[in-house]
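See structure below.
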């Protein structure tokens, strides 16, 4: 049967290889917003046994311009033990004429180390090709055999913006006798649909003529726009460990016993570490002390060894070497907590800037990150173990507002991570600004950031004082700084607050108007450009709720008085609120500004309403105060 499959697969590849692919035959609607066009994307998956799966892949991609080069890169990710064969690459010019051919021997073989220096069994075969003209077409086919049957890929049209699709097909031939589950997730915006056919035990799924998603402002990730089909075998193999996958409980029991339990092992050295901490107080106080101790002695390094890259390093290795990846560091932290008599749970999560959750009704192997959860009477404590800088019990924007797989002895529980309210993600800015007659200003500022705005400023904790000042200068470049100094930076890791003070002088802030001066009411604000889209095709996503609270105290030059103040303003919309208030204060002016934005996935019809709201806030930030000589 294997021989027959290969013959059929090669016949399919040969059929398509006999074609040419002139760029002129690409439909015009597929060129719109596209840097590259997928002409053909054919995948055949044959499942022979619980530990024998074969993939035959064939793709043809036409690159329209330089920005599309990355979408046509030729590479084969694999793990040690995989068998790769029938590797063929052809390059065609614009007219479809073949200009170059390559075989397996032309590929380089590298550690798959896109995350920097690490240890891994993950490898990649890659072909280096430098185009000399556009458009050009890359035809690529290969076969790969694998013993791991737990990682069945999803079927989607594409995964990035600026790519369109003529035809994609996935065929699954299941000869194993094991039940194959599948689930179709339609596009929530009817962007395109998948066609499903079944014949004699073979399932075939097809997409055709899918236009490119433009890289529009505030666009949700393509995964939230496009349809997909997911697959899972109810029995599977992972590096010789066989298990069942009928529900999350079933899968979690296997995961704990086969992947985690063998490495949840303490040592006398780890016991001594915990004893030396002299833990006292509440559970929260103990966890915090252990966590901050762990942060102080470890660093993150990516490791993809052990049972398909899914089994963590032993805690003893992390303890001795002082490094690990999310799996290893979380396991080490869990072992420290175990020694302190504090239960904690290993959690698999989809980490990313736009939240993606697991399907509670369709279990399958997934996720790309590990965190820990510690239940307490006051609520769950969540620990991100890969950062030396992040605060205790604080999850960043890449892990909040989604669910996790909590792996327990008796199965997986699917629960939600925290979601920060706008007032929990706050920038607080208090400025004292002296207006000078030469149109410059002298300022002193106190800045603090919490919640997701804490995350945005955490990078400052890794910089030198000089680098911090330069970074903030670039962030606040709406002012024309003559000099600026950042002082007293604090990363409050107990309370998840980043703070600093700022001294500065900026030129050309005010303008003269005879014996009067005019200046902007809000010195530091966002000057983003917001453009309407009359033909917006897709929804928009505001990924974070946040609140900015500014207090600005202006001191006037000697012998000047306030002549005219803008009206107080209050704007309300479903996207958020904006307030700007003015009060004469002695010889100066006090300005109070509050901006709140509500996260959400909003329909395309409301996009221009949001743009109008943001344009209004920028215009009001530019309100002018008029002062005159006495």
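Residue numbers (the numbering used here): 1201 to 1830. Virtual Cβ for every residue (Gly too), placed ideally from N, Cα, C.
#1: On the criterion of 16 or more Cβ atoms from any shown chain inside 10 Å, does residue 1386 qualify as buried, or is it exposed?
#2: Quick check on this structure: which residue in 1758, 1674, 1741, 1737 has the alpha carbon closest to the alpha carbon of residue 1725?
#3: Given 8 Å as the limit, is there contact between the stretch 1609 to 1617 and the stretch 1443 to 1462, that is, 3 or more CB pairs closer than that?
#4: Is residue 1637 near residue 1757, with beta carbons less than 8 Å apart?
#5: Kindly indicate which three-state DSSP category residue 1798 falls into: helix, strand or coil?
#6: Could you check if residue 1395 is buried or exposed, using at least 16 other CB atoms within 10 Å of its CB as the buried criterion?
#7: Sort 1287, 1356, 1746, 1419 by Cα distance to residue 1739 and report the nearest one.
#8: For residue 1796, collect the residues of the same chain with a Cβ closer than 6 Å to its Cβ; drop the 5 residues on either side in sequence, then sort them by chain order.
#9: What's the C-alpha gap between residue 1830 and residue 1788?
#10: Assuming residue 1672 and residue 1702 are in contact, meaning their beta carbons sit under 8 Å apart, how far apart are those beta carbons, in whole angstroms?
#11: Taking residue 1627 as the reference, which of 1639, 1666, 1304, 1699 has the closest Cα?
#12: Under the rule that 16 or more other beta-carbon atoms within 10 Å means buried, what is residue 1585, buried or exposed?
#13: Spatial neighbours of residue 1449 within its chain, please: C-beta separation below 8 Å, excluding the five flanking residues on both sides.
#14: Leaving out five residues on either side along the sequence, give the residues of the same chain with a beta carbon under 8 Å from the beta carbon of residue 1323.
#15: Please go through the same chain and pick out, in chain order, the residues whose beta-carbon is closer than 7 Å to the beta-carbon of residue 1295, but skip the five residues on each side of it.
#16: Give every residue of the same chain whose Cβ lies closer than 6 Å to the Cβ of residue 1372, excluding the five residues on either side of it in the sequence, and list them in chain order.
#17: Could you check what DSSP says for residue 1226 in three-state terms: helix, strand or coil?
#18: Give me, in chain order, the residues of the same chain whose beta-carbon lies closer than 7 Å to that of residue 1389; leave out the 5 immediate sequence neighbours on both sides.
#19: Whole angstroms is fine: what's the gap from residue 1618's alpha carbon to residue 1827's?
#20: Quick one: grab the DSSP three-state call for residue 1721.
#21: Can you tell me where the beta strand (DSSP E) holding residue 1703 begins and where it ends?
#22: Which word fits residue 1561, buried or exposed, when buried means at least 16 other C-beta atoms lie within 10 angstroms of its C-beta?
#23: Which complete beta strand (DSSP E) runs does the stretch 1293 to 1362 hold, if anything under 3 residues is left out?
#24: Do residue 1242 and residue 1369 have their C-beta atoms within less than 8 Å of each other?
#25: Specify whether the stretch 1526 to 1533 and the stretch 1509 to 1516 touch according to this definition: at least 3 beta carbon pairs, one from each stretch, less than 8 Å apart.
#26: Please state whether the Cβ-Cβ distance between residue 1819 and residue 1709 is less than 8 Å.
#27: By how many angstroms is the C-alpha of residue 1538 removed from the C-alpha of residue 1262?
#28: Let's test the definition: count the other Cβ atoms within 10 Å of the Cβ of residue 1519 and tell me whether it reaches 16, buried, or not, exposed.
#29: Considering Cα atoms alone, identify which of 1604, 1483, 1664, 1542 is closest to residue 1578.
#30: According to DSSP, simplified to helix, strand and coil, what is residue 1464?
#31: If you run the structure through DSSP and keep just helix, strand and coil, what is residue 1476?
#32: Could you have a look at residue 1592 and say whether DSSP puts it in helix, strand or coil?
#33: Does the Cβ of residue 1680 have 16 or more other Cβ atoms within 10 Å, making it buried, or fewer, making it exposed?
#34: Kindly confirm or deny that the stretch 1397 to 1416 and the stretch 1357 to 1366 touch, where touching means at least three C-beta pairs closer than 8 Å.
#35: Does the ligand PLP have even one heavy atom less than 7 Å from the beta-carbon of residue 1668?
#36: Can you find the residues in the same chain that come closer than 7 Å, C-beta to C-beta, to residue 1302, ignoring five residues on each side of it along the sequence?
Checking against the coordinates, here is how it stands:
#1: The residue given as residue 1386 occupies position 186 in the chain shown. It counts as exposed.
#2: The sequence position of residue 1725 within the chain shown is 525, counting from 1. It is 1674.
#3: yes
#4: Residue numbering aside, residue 1637 sits at position 437 when the chain shown is read from its first letter. Residue numbering aside, residue 1757 sits at position 557 when the chain shown is read from its first letter. It is a contact, given that the beta carbons lie within the stated cut-off.
#5: Translated into positions along the chain shown, residue 1798 becomes position 598. In the structure shown, residue 1798 sits in coil (DSSP, three-state: anything other than H, G, I, E or B).
#6: Here residue 1395 corresponds to residue number 195 of the chain shown, with the count starting at 1. By the neighbour-count rule (16 or more Cβ atoms within 10 Å), residue 1395 is not buried but exposed.
#7: Stepping through the chain shown from its first residue, residue 1739 is reached at position 539. For residue 1739, the nearest C-alpha among the options comes from 1419.
#8: On the chain shown, residue 1796 is found 596 positions in, with the first residue counted as 1. Closer than 6 Å at Cβ, skipping near neighbours: 1622, 1747, 1776, 1777.
#9: By one-based count along the chain shown, residue 1830 stands at place 630. By one-based count along the chain shown, residue 1788 stands at place 588. Distance between the alpha carbons of residue 1830 and residue 1788: 14 Å.
#10: As a first step, residue 1672 is located in the chain shown; it is residue number 472 there, counting from the start. As a first step, residue 1702 is located in the chain shown; it is residue number 502 there, counting from the start. The pair is a contact, with the Cβ atoms about 7 Å apart (cut-off 8 Å).
#11: Residue mapping note: residue 1627 aligns to position 427 of the chain shown, counting from 1. Nearest C-alpha to residue 1627: 1699.
#12: Here residue 1585 refers to the residue found at position 385 when the chain shown is read from its first residue. Under this definition residue 1585 is a buried residue.
#13: Translated into positions along the chain shown, residue 1449 becomes position 249. For residue 1449, where only same-chain residues beyond five positions count, the Cβ hits under 8 Å are 1610, 1611, 1612.
#14: Position 123 of the chain shown, counted from the first residue, corresponds to residue 1323. Contacts found: 1277, 1278, 1279, 1280, 1309, 1310, 1311, 1312.
#15: Here the question's residue 1295 lines up with position 95 in the chain shown. If we look at residue 1295 and ignore the five residues flanking it on each side, its Cβ neighbours are 1222.
#16: Numbered from its first residue, the chain shown carries residue 1372 at position 172. 1245, 1403, listed in sequence order.
#17: Your numbering for residue 1226 matches position 26 in the chain shown. Residue 1226 falls in the coil class under three-state DSSP.
#18: For the purposes of this step, residue 1389 is taken as residue 189 along the chain shown, with counting starting at 1. Closer than 7 Å at the Cβ level, and outside the excluded window around residue 1389, lie 1425, 1738, 1739.
#19: Position 418 of the chain shown, counted from the first residue, corresponds to residue 1618. Position 627 of the chain shown, counted from the first residue, corresponds to residue 1827. So the alpha carbons of these two residues sit roughly 48 Å apart.
#20: Here residue 1721 refers to the residue found at position 521 of the chain shown. Residue 1721 falls in the coil class under three-state DSSP.
#21: Indexing the chain shown from 1 puts residue 1703 at position 503. Element bounds for residue 1703: 1697 to 1707.
#22: Within the chain shown, the letter at position 361 stands for residue 1561. Result: exposed.
#23: 1298 to 1303, 1308 to 1311, 1322 to 1327, 1336 to 1346
#24: Taking the first residue of the chain shown as 1, we reach residue 1242 at position 42. Taking the first residue of the chain shown as 1, we reach residue 1369 at position 169. Yes, the Cβ-Cβ distance between residue 1242 and residue 1369 is below 8 Å.
#25: yes
#26: Residue mapping note: residue 1819 aligns to position 619 of the chain shown, counting from 1. Residue mapping note: residue 1709 aligns to position 509 of the chain shown, counting from 1. No. Outside cutoff.
#27: Position 62 of the chain shown, counting from 1, holds the residue named residue 1262. Position 338 of the chain shown, counting from 1, holds the residue named residue 1538. Approximately 55 Å between the Cα atoms of the pair.
#28: What you label residue 1519 is simply residue 319 of the chain shown in a count that begins at 1. So residue 1519 counts as buried.
#29: Numbered from its first residue, the chain shown carries residue 1578 at position 378. Ranking the options by Cα distance to residue 1578, first place goes to 1483.
#30: Taking the chain shown and counting its residues from 1, one reaches residue 1464 at position 264. Residue 1464: coil per DSSP, three-state reduction.
#31: As a first step, residue 1476 must be located in the chain shown, where it is residue number 276. In this structure, residue 1476 counts as helix in the three-state DSSP scheme.
#32: By 1-based counting over the chain shown, the position of residue 1592 is 392. Reduced to three states, the DSSP call for residue 1592 is coil.
#33: Within the chain shown, numbered from 1, the residue matching residue 1680 stands at position 480. Under this definition residue 1680 is an exposed residue.
#34: yes
#35: Of the ligands one can find in the structure shown there are none, so the ligand PLP has no counterpart to examine.
#36: Your numbering for residue 1302 matches position 102 in the chain shown. These residues qualify, in order along the chain: 1289, 1327.
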